[in-house]
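**Q**
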Amino acid sequence: MGYGVFVMMIFAVILLILSYLIFIFLKKLQKKKLGIIIGSILASIVITPILFLTFESHFYFKSDAIEDLKIAEITLNDNFKIIGNKITGLPEYYQFTKLEISKNDRNRIINEIRNSQDFFVHDNYNFLLNANNNIESDKLIANYRFENEIIRETFEKKTGFVPISLMVILNEKSNILEIRRIED
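Each residue of the sequence shown is one higher than the one before, counting from 1 in full-length UniProt numbering.
Quick look at the structure:
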């Protein structure tokens, strides 16, 4: 756990304790309603981000998937369905999304990746992520095959932003497209 997260947790606990103490103090001064209002506002400052982080994976929509696929320079022409999305990590960000895509999109994307000039067969995942300490470019794309999966991996770093590693994985025998996004 990072230092920033630890500080935020301490701050949250202090705010919760403070909201309770303000309520008790104002209650003794016969201003119970004001105590409830101020205590509720302070508590909501802490509770709202916690709830958002807890349910963040439920706020992932098709437009978000399209934006993630743009990073990997992949477009979906047909309709698709989000069948799973899991987000973990704090302050790191790990997102695992599964989309059910059309057979036409699957075949087109597989052919696009296979026919790219830099396509190769690799012996494991995370080709760019394992080599990112030597990356000097703003954006790199690797197209490769690992076992029976066709993969487009991108690594993008912009000045002032956390680097993004994104893998788009297609199984040759399935219409499930998997997006793995890591911001670390």
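Even for Gly, the Cβ is constructed at its ideal location relative to N, Cα and C.
Alpha carbon to alpha carbon, what distance is there between D68 and F146?
**A** Their Cα atoms are separated by approximately 21 Å.
**Q** Tell me the DSSP secondary structure of F55 in three-state form.
**A** Here F55 sits in helix by DSSP.
**Q** So, does the stretch 9-18 touch the stretch 39-52, judging by three or more C-beta pairs under 8 Å?
**A** Contact between the stretch 9-18 and the stretch 39-52 is present, because at least three Cβ pairs lie under 8 Å.
**Q** My guess is that G84 and T97 are in contact by the Cβ rule of under 8 Å, so how many angstroms apart are they, rounded?
**A** Contact flag correct, Cβ pair sits at about 7 Å.
**Q** Please name the residue in E156, G160, N143 whose C-alpha comes closest to that of Q117.
**A** When each option's Cα is compared against that of Q117, the closest is N143.
**Q** For the alpha helix (DSSP H) holding E67, just list the boundary residues, first then last.
**A** Start and end: 62-71.
**Q** Are there 16 or more other CB atoms within 10 angstroms of the CB of Q95, so buried, or fewer, so exposed?
**A** It counts as buried.
**Q** Secondary structure at L90, three-state DSSP: helix, strand or coil?
**A** Three-state DSSP puts L90 in coil, outside helix and strand.
**Q** Is it buried or exposed for S165, if we count other Cβ within 10 angstroms and need 16 for buried?
**A** So S165 ends up on the buried side.
**Q** Please work out which residues of its chain come closer than 7 Å, Cβ to Cβ, to N171, disregarding the five sequence neighbours upstream and downstream, and give them in chain order.
**A** Around N171: N148, E149.
**Q** Check each candidate in V121, G160, N79 and name the one with the smallest Cα separation from residue 185.
**A** In this structure the chain extends from 1 to 184, so residue 185 is not present and cannot be described.
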